[in-house]
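Below: the structure, in structure tokens.
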Amino acid sequence: MYAEERQRAIAALVGDNGRASVTDLAERFDVTPETVRRDLATLERTGTVRRVHGGAVAAALLTGVEAGVVEREGTNADAKRAIGAAARRFLPVRGGSILFDAGTTTAAAAREVQPGDRLTAITNSLPIATVLAARDGVDLYLVGGRVRGLTHAAVGPSTVAELATFRADVAFVGANGISARHGISTPDSDEASVKRALVRAAQFVVILADASKFGRESLNSFGSLDAIDAIVTDAQPDAELRAALDRYGVDVVVAR
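Each number in the numbering used here corresponds to the 1-based position in the sequence shown with 1 added.
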């Protein structure tokens with residue numbers, strides 16, 4: 002494989018997974034760690050990745066740039082489907098109520114709702130509302146507000162105020178970053194306000210996020226780790242984050 006081909010493959014891999022280590026890349030492409038470091042230096046100069054200790058992360062993770070719904074749908078799609086399926090265990094019993102945050106991972110969980118589940122569902126997400134509106138037996142509430150084109154989600158003071166009137170059994174909430182120091186976070190302040198309201202409006206809070214979010218710190222924290230009851234993800238967090246989650250009694254479910 003030529004260097005340019007390998008670099009394109011590395012860029013795609015980091016973009017899909019959010020991060021990659023030098024060791025894993027060297028084994029995957031059967032080259033030396035020094036070769037991988039040179040490749041990463043080249044990709045960093047083009048703005049494709051950002052080098053960190055031991056590897057690289059996608060450039061957007063450190064710049065706080067938000068991807069749109071279409072772009073997110075194609076990122077870690079298999080992991081999101083697995084997380085959505087694993088999240089079914091946290092659906093409330095028949096007749097219960099659930100809040101769905103906007104996002105492609107929470108949308109994967111919404112697609113797992115079956116007609117016989119008989120739930121009251123509340124969401125600020127247009128795509129999730131479309132999914133749930135087709136489920137017989139789901140009593141659906143769509144929370145209003147200004148719709149962000151990037152996320153297709155209602156945000157703003159009226160959205161936050163309306164969410165404050167609910168007290169649901171469970172909330173499925175997405176996050177762009179999860180860290181021991183900064184808690185759960187997202188780049189946009191309006192989205193953060195809505196997520197904060199969702200956390201407050203639920204008796205049991207489940208974060209749905211793939212492992213690329215671990216260790217990331219987006220601009221706006223919308224809760225500390227002690228605000229979470231469970232995380233459904235696709236891989237175990239590192240030792241530092243896992244210790245912090247254990248300290249707060251957060252149940253970590255790894256989708257299989």
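Think of the CB as a built atom: it goes at the ideal place given N, C-alpha and C, for glycine as much as any other residue.
With distances taken from CA atoms, which of the options is nearest residue i?
i	options	result
Arg168	Leu100, Leu151 and Val254	Leu100
Gly145	Arg136, Val94 and Ala130	Ala130
Ala83	Leu226, Ala212, Phe30 and Ala4	Ala212
Gly175	Gly85, Ala162, Glu163 and Gln204	Gly85
Arg197	Gly224, Val206, Ala210 and Gly216	Gly224
Arg112	Ala103, Ile123, Val132 and Gly104	Val132
Thr166	Val200, Ala228 and Arg147	Val200
Glu218	Asp189, Ala236 and Gln237	Asp189
Ala21	Ala244, Glu5, Gly55 and Glu35	Gly55
Ala27	Gly19, Val50 and Ala10	Ala10
Arg248	Gln237, Ala181 and Tyr3	Ala181
Arg39	Asp31, Gln8 and Asn18	Gln8
Arg90	Ala245, Val207 and Ala244	Val207
Ala162	Ala240, Ile232, Gly216 and Ala202	Ala202
Asp31	Arg51, Ala4 and Ala244	Ala4
Val114	Phe173, Ala57, Arg51 and Ala80	Phe173
Ala236	Asn18, Ile123 and Thr124	Asn18
Tyr142	Thr124, Asp118, Val148 and Ala57	Thr124
Does the distance from the CB of residue i to the CB of residue j come in under 7 Å?
i	j	result
Ser222	Gly184	yes
Asp140	Pro116	no
Asp227	Phe205	no
Leu209	Thr121	no
Gly16	Ala59	yes
Ala256	Ala87	yes
Val23	Val37	yes
Ala12	Leu44	yes
With burial defined as no fewer than 16 other Cβ atoms inside 10 Å of the residue's Cβ, what is the status of residue i: buried or exposed?
i	result
Val171	buried
Arg95	exposed
Ala187	For clarity, residue 187 is Thr in the given sequence; the question names Ala instead. Result: buried.
Glu192	buried
Thr152	buried
Ala42	exposed
Thr49	buried
Gly75	Low local confidence applies: a pLDDT of 48 at Gly75 is under 50, so the model's placement there is unreliable, and no value is given.
Pro128	buried
Ala135	exposed
Gly150	exposed
Glu72	Note that Glu72 has pLDDT 49, beneath the 50 cutoff, so the model's placement of it is unreliable and the number below is only indicative. It counts as exposed.
Ala57	buried
Val70	Because Val70 sits at a pLDDT of 49, beneath the cut-off of 50, its placement in the model cannot be relied upon, and the following sentence gives the value as read from the coordinates. Flag for Val70 reads buried.
Ala240	exposed
Ala244	exposed
Could you round the C-beta distance between residue i and residue j to whole angstroms and report it? I think they count as a contact, below 8 Å.
i	j	result
Gly178	Lys214	6 Å
Val195	Thr234	With 8 Å as the limit, Val195 and Thr234 do not qualify as a contact, their Cβ atoms being about 22 Å apart.
Ala103	Ser126	4 Å
Pro238	Val254	Contact doesn't hold; Cβ gap of about 12 Å is too wide.
Within 7 Å of any Cβ in chain B, is that where the Cβ of residue i sits?
i	result
Leu41	Included in the structure is just one protein chain, with no chain B present.
List the endpoints of the continuous beta strand (DSSP E) containing residue i.
i	result
Arg136	Where Arg136 is concerned, there is no enclosing beta strand (DSSP E), given that its DSSP letter is neither H nor E.
Ala59	Gly56 to Ala59
Val255	Asp252 to Val255
Thr121	Thr121 to Thr124
Ser222	Asn221 to Gly224
Leu141	Asp140 to Leu143
Asp170	Ala169 to Val174
Along the chain, where does the alpha helix (DSSP H) that runs through residue i open and close?
i	result
Asp40	Pro34 to Arg46
Phe30	Val23 to Phe30
Ser190	Ser190 to Arg201
Ser213	Run containing Ser213: none; DSSP gives neither H nor E here.
Ala78	Ala78 to Ala87
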